[in-house]
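Peer 1: I have a structure I would like to understand better, so I am pasting it below and will then ask my questions one at a time.
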Amino acid sequence: MEKEDFLKLLPKLIVEDNEVKGAIITALSGIMATNHDIERVIEHSDKRFEKIDEKFEKIDERIEKVQEILISHTQALIQLNERTNNLT
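Encoded structure:
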């Protein structure tokens with residue numbers, strides 16, 4: 214059988230013959246990821262993203278605190294500047 218003929222017949226064999234389908238799956242299993250493998254990768258990625266999200270939330274909280282401090286210091290400097298101007 215020529216390669217072209219086999220390639221035309223292959224889709225039909227895969228659909229209609231479980232033995233052929235099983236042989237192909239077995240042959241490909243060493244080089245292709247299974248659904249379970251992909252699910253594990255997704256789970257692992259989800260956990261990593263959750264940890265990254267937590268880190269960013271903590272960073273956001275720290276930035277907010279620093280902003281509050283800067284606003285407070287800016288207001289204090291403005292008041293000090295106004296008092297200094299009033300003395301002259």
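To convert, count from 1 in the sequence shown and add 213; that's this note's numbering. The beta carbon of each residue, even a glycine, is placed where N, CA and C say it ideally should be. Just so we're clear, the structure is a prediction, and the values are computed from it rather than from any experiment.
Put ASP230 into one of helix, strand or coil per three-state DSSP.
Peer 2: Here ASP230 sits in coil by DSSP.
Peer 1: Indicate the three-state DSSP secondary structure (helix, strand or coil) for GLY243 in the structure shown.
Peer 2: coil
Peer 1: Find out if the Cβ-Cβ distance for the pair LYS234, ILE244 is shorter than 7 Å.
Peer 2: no
Peer 1: Roughly how many angstroms separate the alpha carbons of LYS225 and LEU241, rounded to a whole number?
Peer 2: 18 Å
Peer 1: In angstroms with no decimal places, state the Cα-to-Cα distance between ARG275 and ILE255.
Peer 2: One C-alpha to the other measures close to 30 Å.
Peer 1: By how many angstroms is the C-alpha of ILE272 removed from the C-alpha of ASP266?
Peer 2: Each residue's Cα considered, the two are about 10 Å apart.
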